[in-house]
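Just below is one structure, and these are the notes that go with it.
Number of protein chains: 4
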Amino acid sequence: MAKYSIILGNLGNTCDRFLSSGYKDALPKEELIKQASQIEGVKGVELVGTWDVSSDNVDKVGEMLANHNLQCVSIIPDYFSQKRWGRGSLSAKDPEIRKQAIEYTFECVEMARKLGCTTLNLWPGQDGYDYVLQSNIALERRYLMENIREIAKASPDINFALEYKPKEPRNFCFMARASDTLLLAKETALDNVGVTIDTGHAFVAGENVAESIVILQEYGRKLFHMHFNDNYGHWDDDMIVGSVHFPLFVETLFWLRETNYTGWLSMDQYPYREDGQGALAESVAFLQMIESRLTDGVMQELRDLMNRGNAVESQRWLRRTFFK
Amino acid sequence: MAKYSIILGNLGNTCDRFLSSGYKDALPKEELIKQASQIEGVKGVELVGTWDVSSDNVDKVGEMLANHNLQCVSIIPDYFSQKRWGRGSLSAKDPEIRKQAIEYTFECVEMARKLGCTTLNLWPGQDGYDYVLQSNIALERRYLMENIREIAKASPDINFALEYKPKEPRNFCFMARASDTLLLAKETALDNVGVTIDTGHAFVAGENVAESIVILQEYGRKLFHMHFNDNYGHWDDDMIVGSVHFPLFVETLFWLRETNYTGWLSMDQYPYREDGQGALAESVAFLQMIESRLTDGVMQELRDLMNRGNAVESQRWLRRTFFK
Amino acid sequence: MAKYSIILGNLGNTCDRFLSSGYKDALPKEELIKQASQIEGVKGVELVGTWDVSSDNVDKVGEMLANHNLQCVSIIPDYFSQKRWGRGSLSAKDPEIRKQAIEYTFECVEMARKLGCTTLNLWPGQDGYDYVLQSNIALERRYLMENIREIAKASPDINFALEYKPKEPRNFCFMARASDTLLLAKETALDNVGVTIDTGHAFVAGENVAESIVILQEYGRKLFHMHFNDNYGHWDDDMIVGSVHFPLFVETLFWLRETNYTGWLSMDQYPYREDGQGALAESVAFLQMIESRLTDGVMQELRDLMNRGNAVESQRWLRRTFFK
Amino acid sequence: MAKYSIILGNLGNTCDRFLSSGYKDALPKEELIKQASQIEGVKGVELVGTWDVSSDNVDKVGEMLANHNLQCVSIIPDYFSQKRWGRGSLSAKDPEIRKQAIEYTFECVEMARKLGCTTLNLWPGQDGYDYVLQSNIALERRYLMENIREIAKASPDINFALEYKPKEPRNFCFMARASDTLLLAKETALDNVGVTIDTGHAFVAGENVAESIVILQEYGRKLFHMHFNDNYGHWDDDMIVGSVHFPLFVETLFWLRETNYTGWLSMDQYPYREDGQGALAESVAFLQMIESRLTDGVMQELRDLMNRGNAVESQRWLRRTFFK
């Protein structure tokens, strides 16, 4: 079985632009951590900067994780929830903001070290633009790459997993798709810079997740991390895994194993109106249900199916293998 | 179990704009009909005008159907495959074309009568526009409604099921969504005018099929017919049912039964590169797998789930009920 | 020239799910009203419940509007920014919530009367569902219609303009498209219930706005109100009008005049990182630029173009008429 | 002014899956070439294999082009219109088909040499898959890269411009997005392999064309060719340029000049029901209208606008600069 983790904030309150105070009540951090530890199969958590962890509370948070036998899988620096990042962080037009973003990221590197965590999951969601003619695209993309290179070069003990998403909160984000982001990672020429796939972000990008996995692994083993959720294909609805799609999750888990991905399968959702713990637990259970079928024998059956490419046969195989 | 049917042409050759001669070889009509009759659970076929049936061969086609114990479920008038309809049929700007479209539809009514078929499935795919400022929208929509009313009023023994689709072959089709088309049907004020849902068309329209079923049934029991296929949500890919989505087909079959839909479940696909018979058979098998779980007890469980509205619980129920 | 208005909150702070405290600073209400009054051509404002107006401050707000010579064009009841509406308002499963929603709407009717405002723009954005099997769709849609009917029947001096949007904040909203919402309006059988088109919501729904206008006007003169903004076609980006599209706004203004729409053209945007006043002013200027070209002579030219339906000719006409 | 060209077949008959015989009548090749030569500003044509040019008629076609003073801008090998390519060409599972695809491409190289043409525009539209579990993605993507490398390495006098498109005719094409295709081009490690942007394909991929230009130019000056058309953002509608969008074409032309793109601006449309010559001429006129405004002074104004990033200011500038 793969290693399963969750993003801590998924268990807490979640808001949107219309209900900014959130749909639920905020819970104490220790309660969130306890809930995470109770989800069957979950051994790790990801912590979002500001929301979950900061230089001030990192030791305390580390203790709580230890108390509940949870590993810190990644820190996700907060490049998005503060007014100062509203027009970008690592690629902002304002040099002072870029400087602050670099310094803050180094701070996150320190937090990671304190927590024995080896991955920073970078999602610079505010880095991009909303309108045409609003960005000096060439220059600002260069800022982004150079700043990531500077940080990663100075932190060889940490892996930097770049998470892409086509849009939201910007109409166009610079790290938009698997291959765009891989190009940026490769441009740094550093082994410790790779890519995170969020399945929902990939759907919105029109990608078949399995193919994104293959591209990242084939061009330099650059798949560093996985976030799981489901959506209707048009927006990052951040739903329970399996609540919309089914066959593609089989193909996704097949290629993760086939390309020897050994990282975490992390749940990343926004259960606005749902019980967070339940939503994450159900997602893990769904993926484990699929994973448990992927024995060595079944892996070979799948290879054979793919090499024949007969869709009728594959659909029949899916129905007979998975459904009662 | 519901009544299952297929569209005959799905078994034959299929082309697109790049490979206009088609991906497969054309088969003799009798062979198509024989193949249809061999699909487990299928008792009826739909015939497309020109492609499958015309005034000239209707008797012969009727014999073939009888020989293979198949019922003619509907005739789909050909409003799309001839140059004369290229700029519209029942709503064309040219009055001569509108007249021809009306006459041709009456011809199809006659064919239906000869075949003991009580439904015309109208899909005027060329009726719409591609560019802004290209259509006198008010006038042309009125032509469409009036001409359908004229035909349906004169043919009270035939049901006219209006099939909607947001785009293709026009960038904007006049019968675009469930509710647009229901409004048009109601405007005729005729009991024998209703609506066909094609699941794939509904996905492209951004509809939840279950809700479209409810709307059509609640506002006057106007769901006349169902076409089934699957796609990725952005285009009418016309794929095997269940090859992309799963939970929504459960909800779809629930609401068909809950609203006492007694019509056919018809497979409508474009298996460009697949074995047509296999693609249709697999689709039927997938739907029957779901349908067979929907016992009276399960129907009540579903009602209870919907009334509680707890998504975590519903997803868990789906996983435990359907997956091994 | 048409009557132009804006939504007051567009001038203030705007947030999203990642930056919940907002991208800008909050301004005093009087400052917002003053800014609105300064936008060239703007004579009215729309007020959102809770955010802009409540029973407690309605008199004070009325004074401010009077001081700045602004008319209250509509009140938009707050069905979305409070935790109690998080799972729906007028169609909530919980009868107590539905009751509160009705009472609150009557409160808004009173506010409108105090402000000499004749329109309530109802956008029950939380009414819908996120997951399949989460809603008793038939029952909840009925609640929505019956409650709107009850309120509107008791308030014959007020027009109720139902604003549709396919998704956000729910993955599926019950008032999703022009025709769905028109059906609901017609089901009330009340003259004072109609529909609001938000151009951006219509784009997301895949609608051509011009055709939505025609449908609403042809089936009973039910277009009650217009909200304007632009987006990239996939999400409600709420951008400056004309920043993405051009020709369709010409067609939109043509059909508004052609169908004798005499209501307001109201700007509804989310200028997250922009100067709000500037964004709204530029949108008004863009629409007025188009409107000023639509002389009686040009209206006739457009009718002729539409009746000929020659896209090459229409595009040439657009280029020569509008571009330098 | 940039160099403008068109794809010859755009002037002829065009079909779709419903009207496979096409919406118009086929014209003699010489008539198509004559029509191309009459479009103001057009100096070159692209020829599609099989449809427009083959080894058998290449000399004759060359004469016709010379007679009408037209340059052959590129040859687009036919990897899509023959049954043998229905399941892929350069990446087909069947080694015999891959071999034929390589041989045929070398044939096209020869045709290009005979016509004094230095570019092959490769669009292997059938290379991809429709269903999950249908492709050995890693292996088949490798075939594609290796075969292109083999061909390009053996033909150093020819540039190979790889044209991407997310879907159609396959639900997932291997050359799907700008960056995916750039990665493949870079993997060949050959200077004569680059990328073609088709603006409409980029819209469907959710790309901002300007950013795709920047990515291709920044990572190795790999933008080899440009195809122009417009669409509604969801499908490759292949419409007249400017019929949907406006501001983005300004940004597109800015970045082409800013990154010193010196290739052709080629019109690539499917004027199904339109006069082909008119559709192409209007597209060229629209782009030239924009281009003629982009003086050195305006280029500097645009740089300043982009560096400030004030969307209100940019939209005002666009309105005042371009509209009457």
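Protein chains in written order, with our numbering: chain A, 453 to 776; chain B, 453 to 776; chain C, 453 to 776; chain D, 453 to 776. Here a beta-carbon is modelled for each residue, glycine too, at the ideal position from N, C-alpha and C.
Neighbourhood of residue i by C-beta distance below 8 angstroms, restricted to the same chain and skipping five residues each side
i	result
Tyr583 (chain D)	Asn623
Thr502 (chain D)	Asp530, Ser533, Gln534
Lys566 (chain A)	Val510, Asp511, Gly514
Met453 (chain C)	Gly493, Gln740, Glu743, Ser744
Ser718 (chain C)	Tyr456, Ser457, Ile458, Ile459, Gly496, Glu498, Val525, Ser526, His677, Met678, His679, Phe680
Trp769 (chain D)	Glu753, Leu757
His520 (chain C)	Ile485, Lys486, Ala488, Ser489
Ala630 (chain A)	Tyr616, Val647, Ile649, Ala654, Ala657, Glu659, Ser664, Ile667, Leu668
Gly577 (chain C)	Tyr531, Phe532, Lys617, Glu620, Pro621, Arg622, Cys625
Residues near residue i in its chain [Cβ-Cβ closer than 7 angstroms; skip 5 each side]
i	result
Asn611 (chain C)	Thr570, Thr571, Asn644, Gly646, Phe676
Val696 (chain A)	Asp682, Asn683, Tyr684
Trp707 (chain D)	Ala662, Ile665, Val666
Thr640 (chain A)	Met597, Ile600, Arg601, Ala604
Trp687 (chain B)	Val656
Tyr595 (chain A)	Leu542, Ser543, Arg550
Val505 (chain A)	Leu499, Val513, Ile527, Met563
Range of the contiguous beta strand (DSSP E) that encloses residue i
i	result
Ile527 (chain C)	523-528
Chain G contact for residue i (CB, 7 angstroms cutoff)
i	result
Ile589 (chain D)	The structure shown has no chain G; the protein chains it does contain are A, B, C and D.
Identity of the residues DSSP links to residue i by a beta bridge
i	result
Glu598 (chain C)	Bridge partners of Glu598 (chain C): none, in fact.
Asn611 (chain B)	B:Thr571
Ser457 (chain C)	C:Gly496, C:Ser718
Phe470 (chain A)	Answer by DSSP bridge pairing: none, since Phe470 (chain A) is not bridged.
Phe624 (chain C)	C:Tyr581
Residues near residue i in its chain [Cβ-Cβ closer than 6 angstroms; skip 5 each side]
i	result
Ile425 (chain D)	Only positions 453 to 776 of chain D appear in this structure, which leaves residue 425 (chain D) out of reach.
Ile692 (chain C)	Ala731, Glu734, Ser735
Gln487 (chain C)	Leu463, Gln729
Asn599 (chain C)	Leu542, Ile554
Asn465 (chain C)	Gly474, Lys476, Ala478
Glu482 (chain A)	Met516
Start and end residues, alpha helix (DSSP H) containing residue i
i	result
Gly658 (chain A)	Gly658 (chain A) -> no alpha helix (DSSP H), and no H or E assigned at all.
Glu747 (chain B)	The sequence shown places Thr at residue 747 (chain B), not Glu. Here Thr747 (chain B) belongs to no alpha helix (DSSP H), and DSSP marks it neither H nor E.
Phe774 (chain C)	763-774
Any non-hydrogen atom of the ligand FAD closer than 6 angstroms to residue i Cβ
i	result
Pro699 (chain B)	Although the ligand FAD was asked about, the structure shown includes no ligands whatsoever.
**OP:** May I ask you to list, following chain order, the residues of the stretch 682-701 of chain C that have a beta carbon less than 9 angstroms from some beta carbon of chain A?
**Re:** Considering only beta carbons, the part of the stretch 682-701 of chain C lying closer than 9 angstroms to chain A consists of Asn683, Tyr684, His686, Trp687, Asp689, Met691, Ile692, Ser695, Val696, in chain order.
Subject >> Length at least 3, wholly inside the stretch 660-737 of chain D: the beta strand (DSSP E) runs in chain order >> reply: 675-680, 716-719
**OP:** Jot down the residue ranges of each uninterrupted beta strand (DSSP E) in the stretch 484-536 of chain D, minimum 3 residues, whole runs only, in chain order.
**Re:** 494-500, 523-528
Original post:
Counting only runs that start and end within the stretch 554-608 of chain B, where is the beta strand (DSSP E) found for 3 or more residues in a row?
Top reply: 571-574
Original post:
Between the stretch 713-739 of chain C and chain D, which residues of the former have a C-beta closer than 7 angstroms to a C-beta of the latter?
Top reply: Glu726, Asp727, Gly730, Ala731, Glu734, Ala737, Phe738
Original post:
Listed in chain order, which residues of the stretch 521-536 of chain A have Cβ atoms closer than 8 angstroms to some Cβ of chain C?
Top reply: Phe532, Ser533, Gln534, Lys535
Original post:
For the stretch 633-656 of chain A, which residues have a beta carbon sitting closer than 8 angstroms to at least one beta carbon of chain B?
Top reply: Of all residues in the stretch 633-656 of chain A, none has a C-beta nearer than 8 angstroms to a C-beta of chain B.
Subject >> Where the stretch 758-771 of chain A meets chain B: residues whose CB sits under 7 angstroms from a CB there >> reply: Ala763, Val764, Gln767, Arg768, Arg771
Original post:
the stretch 741-752 of chain C: which residues have C-beta closer than 7 angstroms to a C-beta of chain D, in chain order?
Top reply: Met741
Original post:
Got a sec: which bits of the stretch 547-577 of chain C sit with their beta carbon under 9 angstroms from any beta carbon on chain A, in order along the chain?
Top reply: Gly577
Subject >> Ordered list of beta strand (DSSP E) runs contained in the stretch 628-654 of chain A, each at least 3 residues >> reply: 645-650
**OP:** Below 9 angstroms between beta carbons is the criterion; list the residues of the stretch 464-477 of chain D that meet it against any residue of chain B, in chain order.
**Re:** Within the stretch 464-477 of chain D, the qualifying residues are Thr466, Cys467, Asp468, Arg469, Phe470, Leu471, Ser472, Ser473, Gly474, Tyr475, Lys476, Asp477.
**OP:** Name, going along the chain, the residues of the stretch 616-629 of chain B whose beta-carbon falls closer than 7 angstroms to a beta-carbon of chain C.
**Re:** Pro618, Phe624, Arg629
Original post:
In the stretch 580-613 of chain C, which residues sit with their C-beta less than 8 angstroms from some C-beta in chain A, listed in chain order?
Top reply: Asp582, Tyr583, Val584
Original post:
Mind listing which residues of the stretch 654-675 of chain C have their C-beta closer than 7 angstroms to chain B's C-betas, in chain order?
Top reply: Those residues of the stretch 654-675 of chain C that come within reach of chain B (Cβ to Cβ, closer than 7 angstroms) are Ala657, Gly658, Asn660, Ala662, Glu663, Val666, Ile667, Glu670, Tyr671.
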